[in-house]
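Undergrad: For the sequence shown, the residue numbers in the numbering used here are 10 to 455.
The C-beta atom is built at its ideal place from N, Cα and C for all residues, glycine as well.
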Amino acid sequence: MDPKVEQFMARIKAKNPAEPEFHQAVQEVAESLIPFIEEHPRYKHAKILERMTEPERVIMFRVPWINDKGEVEINKGFRIEMNSAIGPYKGGLRFHPTVNLGILKFLAFEQVLKNSLTTLPMGGGKGGSDFDPKGKSDNEVMRFCQSFMTELSRHIGPDTDVPAGDIGVGGREIGFLFGQYKRIRNEFTGVLTGKGLQWGGSLIRPEATGYGAVYFADEMLKANGDSLKGKVAAVSGSGNVAQYTVQKLTELGGKAVTLSDSSGSVYDPDGIDAKKLAWVMELKNIRRGRIKAYADHFGCEYFEGKRPWHVKCDVAIPAATENEIEKGDAETLVKNGCKVVSEGANMPSTPEAIEVYLNARILYGPGKAANAGGVAVSGLEMTQNSMRLPWSREEVDARLQTIMKNIHQTCVDHGTETDGFVNYMKGANIGGFVKVADAMLAQGVV
Ligand code: NDP
Ligand code: 2IT
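(1) Do you know whose CA, among N76, N332 and T267, lies nearest E149's CA?
(2) Compute the beta-carbon to beta-carbon distance between F157 and G86, rounded to the nearest angstrom, for a pair I have assumed lies under 8 Å.
(3) Between G376 and N355, is the Cβ-Cβ spacing less than 8 Å?
(4) Once the 5 residues before and after L342 are set aside, which same chain residues still bring their CB inside 6 Å of it?
(5) Is there contact between the region 89-101 and the region 128-148, where contact requires at least three CB pairs shorter than 8 Å?
(6) Could you give the first and the last residue of the continuous beta strand (DSSP E) run that contains P29?
(7) Would you say T202 touches the ligand 2IT, meaning its beta carbon is less than 7 Å from a heavy atom?
(8) Going by the beta-carbon positions, is the gap between D277 and V289 smaller than 8 Å?
(9) If you drop the 5 nearest sequence neighbours on each side, which residues of the same chain put their C-beta closer than 7 Å to that of M151?
(10) Starting from the Cα of R2, find the closest Cα among Q16, A34, I165 and G144 and give me that residue.
(11) Is there contact between the region 191-201 and the region 160-175, where contact requires at least three CB pairs shorter than 8 Å?
(12) Drop a sphere of 10 angstroms on the beta-carbon of I295, count the other beta-carbons inside from all chains shown, and report buried for 16 or more, exposed for fewer.
(13) Indicate whether at least one CB of chain B lies closer than 8 Å to the CB of G248.
(14) Answer yes or no: the CB of N249 versus the heavy atoms of the ligand 2IT, is any distance below 7 Å?
(15) So what's D175 in DSSP terms, helix, strand or just coil?
(16) Do the region 410-427 and the region 355-365 make contact, defined as three or more Cβ pairs closer than 8 Å?
(17) For the region 223-242 against the region 388-406, do three or more pairs of beta-carbon atoms, one drawn from each stretch, fall closer than 8 Å, so that the two count as touching?
(18) Would you list the residues sitting across from M69 in a DSSP beta bridge?
(19) Taking 8 Å as the threshold, find out whether the region 240-257 comes into contact with the region 442-450 through three or more Cβ pairs.
(20) Tell me the start and end of each unbroken beta strand (DSSP E) in the region 351-381 that is at least 3 residues and wholly inside, in chain order.
(21) Pick out whichever of E160, M69 and G179 has its Cα sitting closest to the Cα of I193.
(22) To the nearest angstrom, how far is the alpha carbon of K24 from that of G111?
(23) Use the C-beta contact count for E41: other C-beta atoms within 10 angstroms, 16 or more gives buried, fewer gives exposed.
(24) What's the C-alpha gap between F31 and M18?
(25) Provide the residue span of the beta strand (DSSP E) that contains R103, from first to last.
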């Protein structure tokens with residue numbers, strides 16, 4: 010490791026003990042940025058990277074609620090307000106039993122660079138709870154969301170901090186959270202994104218992350234004279250991002266052959282077409298069942314406890330969670346001929362897996378670039394809320410496509426190496442950093 014990176018990381022680890030995911034996210038960025046900062050001493054003297062790795066504010070709170078048996082339950086609530094140099098804090102809320110401070114700090118840190126890449130004026134934040142929505146009734150989820158928002162409402166606002174969904178937070182949860190905010194503040198404002206279409210939501214927001222990850226894969230292929238047409242794709246997860254990834258892949262002439270959840274994965278070599286996807290959406294979004302039911306229903310293979318990376322594919326789109334592609338998985342993907350990895354999830358590849366992609370010189374689109382379509386359309390939802398005018402599906406989708414093209418170009422501009430190889434990871438890290446860093450320089454030591 011570069012001794013300067015090592016020194017920087019020693020300080021990060023000492024100041025943020027027991028937060029391995031945060032260390033991982035910062036180290037990847039530091040490896041791209043420290044050589045760049047050495048060449049641009051104004052960032053070095055103003056300690057921009059040191060400031061960017063310290064949240065502007067961390068809010069931690071108790072979330073008490075009453076379950077259907079009448080018992081009191083207590084969860085932890087968090088909001089990390091990471092950076093507001095280029096706009097109000099913006100980023101999702103995650104409800105999952107694994108949520109802790111370190112995980113949310115990694116997500117908030119990634120969000121700052123991602124939001125900068127979108128070209129829209131959004132700072133970065135992230136929040137959530139260790140609440141597990143699995144197996145809870147709608148009423149329990151509502152009571153939890155109301156208690157969570159009772160505290161969070163003191164800290165957010167349409168010009169201050171605008172949360173949205175992430176793992177375990179979809180349309181249902183955003184509805185309960187919005188209702189409680191409106192009641193407490195007596196204000197109808199765009200304080201959350203991912204809202205329902207009848208009450209301030211944007212068309213294409215539910216689709217945006219998955220669509221964006223597919224558009225990004227297509228852009229990388231097009232830059233190499235190829236396209237998604239006829240390509241076989243392995244997709245992980247079966248939630249919001251995975252579902253719309255499969256939809257757009259199919260629309261663009263590709264074929265998605267896998268889906269997964271935390272119990273296992275399904276392999277359908279015939280492809281998950283529109284009809285089968287509609288069935289998955291009903292299973293996951295309404296019945297809230299397990300993906301194994303897909304294999305039982307359509308008669309294909311199910312791999313208990315296994316991720317989908319062992320199947321033969323041209324393209325991989327991880328869309329479940331962090332560190333879901335490890336070194337061995339990446340080696341298997343490359344060995345089987347996979348040429349494109351476009352990350353729908355946040356930090357789904359371990360550092361060792363990324364090294365495998367870069368050594369094999371495949372097209373690797375890191376999450377902060379490839380999955381930025383979701384927050385980009387959140388930004389467009391904020392614009393529509395400010396104007397009090399909704400845009401059409403076509404308008405939002407066209408803007409999303411332009412944004413994904415621009416992000417791709419930014420990665421090419423900052424990540425092209427002397428031999429012409431595009432290191433999209435380096436390009437995304439530097440491209441995302443520059444705008445935030447220049448804004449921080451202009452605003453003084455704050
Ligand atoms: P959902 O809650 O809709 O779906 C999550 C999916 O991933 C489920 O299939 C879930 O399975 C699976 N999953 C979650 N945790 C794990 C785990 N520890 N191990 C294995 N599988 C797991 O979330 P989203 O689709 O919204 O989010 C997926 C990823 O995309 C996350 O990394 C998120 O941060 C990222 N992302 C989301 C955006 C958005 O707009 N929603 C925007 C940008 C990135 P199970 O049901 O078994 O838990
Ligand atoms: O990781 C992400 O970019 C999200 N979960 C979406 C954030 C947002 O504010 O739409």
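TA: Reading off the structure:
(1) N76
(2) 5 Å
(3) Using a Cβ distance threshold of 8 Å, G376 and N355 count as a contacting pair.
(4) The beta carbon of L342 is closer than 6 Å to those of W318 and A325 in its chain, skipping five residues each way along the sequence.
(5) yes
(6) Counting along the chain, P29 falls outside any beta strand (DSSP E), though it belongs to the alpha helix (DSSP H) covering P29 to E48.
(7) Yes.
(8) no
(9) F185
(10) This structure cannot speak to residue 2, because the chain is shown only from 10 to 455.
(11) yes
(12) exposed
(13) In the structure shown, chain B does not exist; there is a single protein chain.
(14) The answer is no for N249.
(15) strand
(16) no
(17) no
(18) Beta-bridge partners assigned by DSSP to M69: F87.
(19) Note that the region 240-257 does not touch the region 442-450; fewer than 3 beta-carbon pairs, one per stretch, sit closer than 8 Å.
(20) 372-374
(21) E160
(22) Roughly 12 Å between the two C-alpha positions.
(23) What sits at residue 41 in the sequence shown is Ser, not Glu. Buried.
(24) 11 Å
(25) Y98 to F104
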